[in-house]
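Residue numbers (UniProt numbering): 1 to 259.
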């Protein structure tokens, strides 16, 4: 995905702090092109304060008077919408929308993502200008999203697609220690069963399902070799304490063999 081809367009933003929050959200996710359509109050110290380390995006932002100016060079326009429309329109969630945006940027096209006013979003006429509508499926009990939050969600999905090739294929791909082998895990289970018997937690005559359940627990966790060594060290120390406690409990003998 060519993120440099994507522009975030804010239409008639009321609160300057939201503009700063949007700039910060964009920079967090690697986007840099911001366009402001007739903002109510900009430039403004609140925008600068909320932008934190993304002030450069505010300084480089395009400020235009109309939506026509904002999207004149765009070849694919996405409009965010929180409401159902009487006329069905192509509609996707942020993840699906990011995939579509990627297709267009990879083809060398310029993409605009429109976000409307804080109180009422984009108008029907503005949404008609869009090739695709984007809806964030928030909880129906409280569906209102802050403008910067909505931009963050969309930019995150764009970012995830842009860096997909550099992410590890599995969560454990960069683990610092090799995972335990099957043979070492079997030695651990034998050691664990022996120790549980020593401390009288496990009754060999009536083991029930204790060991199978512990096997399921550790199989679900997936121990690495270092973690396995730590656990076996704990088991060994436990056995040593049991042995010492047992020797102290033995009655002392006199020279004539009586206690």
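The C-beta atom is built at its ideal place from N, Cα and C for all residues, glycine as well. All of these numbers come straight from a predicted model, not from anything done at the bench.
If you compare alpha carbons, which of 151, 188, 95, 191 is closest to residue 164?
Ranking the options by Cα distance to residue 164, first place goes to 95.
Between residue 192 and residue 161, is the Cβ-Cβ spacing less than 8 Å?
no
So the alpha helix (DSSP H) residue 7 belongs to, where does it begin and stop?
Counted as a single uninterrupted DSSP element, the stretch harbouring residue 7 is not any alpha helix (DSSP H) but the beta strand (DSSP E) occupying residues 6-11.
Reference residue 260, options 16, 54, 246, 207, closest by Cα:
Past the boundaries of the shown model lies residue 260; the chain is included only from 1 to 259, so the question cannot be answered.
Apart from the five residues on each side of it in sequence, which residues of its chain come closer than 8 Å, Cβ to Cβ, to residue 123?
116
Could you give the distance in angstroms between the alpha-carbon of residue 232 and the alpha-carbon of residue 166?
37 Å
Can you name the residues that DSSP bridges to residue 55?
Residue 55 pairs with nothing; no bridge assigned.
Provide the residue span of the alpha helix (DSSP H) that contains residue 102, from first to last.
94-106
Between residue 49 and residue 26, what straight-line distance do the alpha-carbon atoms span, to the nearest angstrom?
15 Å
For the structure I just gave you, are there three or more beta carbon pairs, one from the stretch 136-143 and one from the stretch 38-52, closer than 8 Å?
no
Integer-rounded CB distance, given that residue 11 should sit under 8 Å from residue 92
Not a contact, Cβ separation roughly 20 Å.
Less than 8 Å between the CB atoms is what I'm expecting for residue 299 and residue 112, so what's the real figure, rounded?
Residue 299 cannot be examined here, being either before or after the span of the chain that is shown, 1 to 259.
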